[in-house]
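These notes are about the structure you will find just below.
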Amino acid sequence: MGCLLWRMAWRVDAWMHVETITVPGTSVIGLQWGDEAKGKLVDLLSERLHVDIVVRYQGGANAGHTVVVGDAMYKLHQIPSGILSDGVMNVIAPGVVLNPAVLLEEFDGLVARGIPVAERLMISERAHVVFPWHMAEDRAVNMEKVGGEGIGTTLRGIGPCYRDKYGRLSAIRLGDMVGSDFRERIEEVVAIKRRTLAGYSAAIHDEELDAAAIHDEYRRYADRLLPLVGDTTTYLLDAVEADRRILYEGAQGAMLDIDHGTFPFVTSSNSSGVGVSSGTGVPCRWINRVYGVIKSYTTRVGGGPFPTEQDNEVGQRIRELGNEYGTTTGRPRRCGWFDAVAVRYAARLSGVDVLSLMMLDVVSQLPEVKICVAYELDGKRIQYVPSRAAELRRVKPVYETFTGWQQDVTRATKLDDLPAPAHKFLERISQLVGVPIEVISVGPARAQTILALQPGQHDDERTS
Ligand code: GDP
Ligand code: IMO
Ligand code: MG
-18 MGCLLWRMAW RVDAWMHVET ITVPGTSVIG LQWGDEAKGK LVDLLSERLH
32 VDIVVRYQGG ANAGHTVVVG DAMYKLHQIP SGILSDGVMN VIAPGVVLNP
82 AVLLEEFDGL VARGIPVAER LMISERAHVV FPWHMAEDRA VNMEKVGGEG
132 IGTTLRGIGP CYRDKYGRLS AIRLGDMVGS DFRERIEEVV AIKRRTLAGY
182 SAAIHDEELD AAAIHDEYRR YADRLLPLVG DTTTYLLDAV EADRRILYEG
232 AQGAMLDIDH GTFPFVTSSN SSGVGVSSGT GVPCRWINRV YGVIKSYTTR
282 VGGGPFPTEQ DNEVGQRIRE LGNEYGTTTG RPRRCGWFDA VAVRYAARLS
332 GVDVLSLMML DVVSQLPEVK ICVAYELDGK RIQYVPSRAA ELRRVKPVYE
382 TFTGWQQDVT RATKLDDLPA PAHKFLERIS QLVGVPIEVI SVGPARAQTI
432 LALQPGQHDD ERTS
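In terms of the working numbering, the sequence shown is numbered consecutively and its last residue is 445.
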């Protein structure tokens, strides 16, 4: 099926001539362990699909999405990647955990570069807020190990903030920050935190539990944020009913999903496609097209099993060619071969319709390229991702090896510009994952993109 889809896709390269596309609800989901270049795709689709609204629905300032427009590079952590497009409204939905300091710094940075953020941004009053005690707890917990390995979080307070949300008693939402009893609320929570964080005392500084100072700081943030705060849930429900085009921007990647990823080496939200509805309040019937974003290889930041990791010269070469250093923390990313077992799982989980394959230019420089087509677990060949980290650590990848094409593809604008071995590589990925490839990226810029399949075309093929 994948093969057929790919061959049919092959004949089409006149994507720039496509006029209007009617896709009311589109989501963009990373299918690996994050940093698949979701930011580039969201920016691109915002323009190309004539999107009205871009929504971030989970995660927080742990995300780092890079968008390159002309000579300018933007690194976005809290603000959705549609912010650079004229006429697009950007929404931070209830499922996000909000760090106001990071948001306002990003806000000011964008305004200084001429982006009218205030006109384009709306934040849910239901979003939970990250406080200094969350960051302190993240630091403290990060020193601990699970089964001998640390999670290696981004230290942005994400896990502790989500934990408070589910625990409820010491959670503060953005709507609470603009209320008249905010000071009392801070004092209440600080009193709870003093008790619950006592065991971590060495890692918690006085100012992280100084109620008066925290109140004053967050009050200032609240004053600035107030004009942006609203009921995004009603706004989005009205928007879908009025046929406005919405793009949902995932953060992290499906393999980092709290329920379905490589637990416990995951983030604390539903970062696969299943999180869109819970994070936004928009029922899944309004989401009718899912883009799965993949790199032509795999990276991972932080701890956890990584079956195709190349902790050797190959991994080092990929890191250099792909400039694989964390957008948020600057950490070198762990690098390895494309893992079709993990991506197929993530694509099925997220209901992916089409793939966007990024960083083709990186593997295009290598003398040999591998794809993991199956795992071997205790001598048995398997096609699934074991749910237990201890088992996933034991799997041995089964590879197919492709002779490298070692060609600069960064100027390719259509499929015919790519060499035959690159076609074979792409075809095999599409076949293994069971999803057609619509977009191929050959560099960070908007123009370095090939549209292999016209939006909507795959639907016809599936029924043919
Ligand atoms: P995200 O978190 O998924 O948005 O991805 P990141 O922004 O953290 O990392 C992707 C990086 O790859 C960014 O630096 C992008 O500018 C860059 N990038 C995007 N597409 C391509 C591509 O096709 N080739 C190369 N070489 N870099 C790309
Ligand atoms: P984007 O959106 C890559 C990883 C961290 C760590 C784990 C838990 O740019 O793809 P957390 O701070 O979330 O509690 O850390 O998740 N992680 C990411 N890795 N890209 C990201 O975001 C990530 N956000 C979190 O490295 O292993
Ligand atoms: Mg990133």
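Note that CB positions come from ideal geometry on N, CA and C, so glycine has one too.
Going by beta carbon distance, what residues of the same chain come within less than 8 Å of residue i, once the five residues before and after it are set aside?
| i | result |
| --- | --- |
| VAL49 | LYS21, TYR55, PRO425, ALA426 and ARG427 |
| LEU338 | ILE275, LYS276, SER277, LEU407, ILE410, ILE418, VAL420, ILE421 and SER422 |
| GLY296 | GLU290, ARG315, CYS316 and GLY317 |
| ALA223 | none |
| PHE383 | GLU349, VAL350, LYS351, ILE352, PRO402, LYS405, PHE406 and ARG409 |
My guess is that residue i and residue j are in contact by the Cβ rule of under 8 Å, so how many angstroms apart are they, rounded?
| i | j | result |
| --- | --- | --- |
| GLU349 | VAL379 | Contact doesn't hold; Cβ gap of about 16 Å is too wide. |
| VAL36 | PRO61 | 7 Å |
| GLN39 | SER250 | 4 Å |
| GLY148 | HIS115 | Contact doesn't hold; Cβ gap of about 12 Å is too wide. |
| ARG300 | PRO313 | 6 Å |
| GLU118 | LEU178 | 6 Å |
| ALA433 | GLY128 | That belief does not hold up - the Cβ atoms of ALA433 and GLY128 are roughly 41 Å apart, past 8 Å. |
| ARG225 | ASP33 | 4 Å |
| ARG325 | VAL414 | 5 Å |
Taking C-alpha atoms, which residue in the options lies nearest to residue i?
| i | options | result |
| --- | --- | --- |
| SER345 | GLU118, ARG369 and GLN388 | GLN388 |
| GLU168 | GLU222, LEU155 and ILE195 | ILE195 |
| ASP240 | GLY256, ARG226 and VAL23 | GLY256 |
| ALA44 | ILE104, THR135 and ILE431 | THR135 |
| LYS395 | THR430, GLY385, ARG374 and ALA403 | THR430 |
| ARG29 | ILE104, SER66, ARG225 and HIS58 | SER66 |
| MET446 | PHE287, VAL376, THR280 and GLN364 | Shown here, the chain extends from -18 to 445; a query on residue 446 therefore has no answer. |
| GLN233 | ALA193, ILE227, ASP162 and GLY307 | GLY307 |
| ARG205 | MET158, TRP14, LEU399 and ASP359 | MET158 |
| LEU84 | MET124, GLY415, ARG120 and ALA42 | ALA42 |
| TRP267 | ASN293, LEU217 and ASP397 | LEU217 |
| ILE153 | GLY415, ALA74, VAL333 and LEU79 | LEU79 |
| ASP52 | VAL77, ARG94 and LEU413 | ARG94 |
| PRO141 | LEU25, GLY160 and ALA121 | ALA121 |
| GLY273 | ARG329, HIS186 and PRO367 | ARG329 |
| GLY285 | ARG374, SER258, ARG270 and ALA355 | ARG374 |
| TYR229 | PRO264, PHE244, PRO208 and ALA321 | PRO264 |
| ILE352 | ALA321, GLY260, ALA82 and GLU86 | ALA321 |
| TRP14 | ASP359, ARG362 and PHE319 | PHE319 |
| ASP162 | GLY131, TYR199 and ILE132 | TYR199 |
| SER105 | ILE132, LEU155 and PHE88 | LEU155 |
At which residues does the alpha helix (DSSP H) containing residue i begin and terminate?
| i | result |
| --- | --- |
| MET116 | 113 to 123 |
| TYR199 | 192 to 206 |
| HIS404 | 401 to 414 |
| GLU230 | Not the alpha helix (DSSP H): GLU230 falls in the beta strand (DSSP E), residues 227 to 230. |
| SER147 | Strictly speaking, residue 147 in this sequence is Tyr, with Ser absent from that position. Segment 139 to 148, the alpha helix (DSSP H) holding TYR147. |
| LYS19 | 19 to 29 |
| ALA99 | 98 to 101 |
Starting from residue i, follow the beta strand (DSSP E) in both directions and report where the run begins and ends.
| i | result |
| --- | --- |
| ARG272 | The displayed chain sequence assigns Tyr, not Arg, to residue 272. 270 to 276 is the extent of the beta strand (DSSP E) around TYR272. |
| TYR380 | 377 to 384 |
| VAL159 | Taken as a continuous stretch (DSSP letters only), VAL159 belongs to no beta strand (DSSP E), as it is neither H nor E. |
| GLY6 | 6 to 11 |
| ARG107 | Unbroken run through ARG107: none, as it is neither H nor E. |
| LEU432 | 430 to 432 |
| GLU419 | 418 to 422 |
Under 7 Å Cβ to Cβ from residue i, same chain only, skipping five residues before and after it: list those, please.
| i | result |
| --- | --- |
| GLY231 | SER8, VAL9, ILE10, GLY11, LYS19 and SER252 |
| ARG101 | ILE64, VAL69, MET70 and ASN71 |
| ARG342 | At residue 342 the sequence reads Asp, which differs from the Arg that was named. Cβ within range, chain order: VAL390, THR391, VAL423 and GLY424. |
| LYS174 | TRP114, SER151 and LEU190 |
| THR248 | GLY40, ASN43, ILE139, GLN233, LEU237 and ILE239 |
| TYR143 | VAL78, SER249 and SER250 |
Whose C-beta lies closer than 6 Å to the C-beta of residue i among residues of the same chain, with five residues either side of it excluded?
| i | result |
| --- | --- |
| THR214 | GLY262 |
| LEU91 | VAL98 |
| LEU347 | GLY385 |
| ALA203 | MET158 and VAL159 |
| VAL376 | PRO288, TYR356 and LEU358 |
| ASP440 | Annotation note: pLDDT 47 at ASP440 (below 50); position unreliable, coordinate value reported separately. Hits under 6 Å: none found. |
Contiguous beta strand (DSSP E) assignments of at least 3 residues, all confined to the region 324 to 370: Runs of the beta strand (DSSP E) inside the region 324 to 370: 335 to 339, 349 to 358 and 361 to 363.
What are the complete beta strand (DSSP E) segments, minimum 3 residues, inside the region 274 to 328? If we require 3 residues or more, the beta strand (DSSP E) runs fully inside the region 274 to 328 come out as 279 to 281 and 315 to 317.
Closer than 5 Å from C-beta to any heavy atom of the ligand SAH: which residues, in chain order? For the structure depicted, the ligand SAH is absent and the ligand set comprises only the ligand GDP, the ligand IMO and the ligand MG.
Restricting to runs no shorter than 4 residues, where is the alpha helix (DSSP H) found entirely within the region 65 to 93? Here the runs fully enclosed are 81 to 93.
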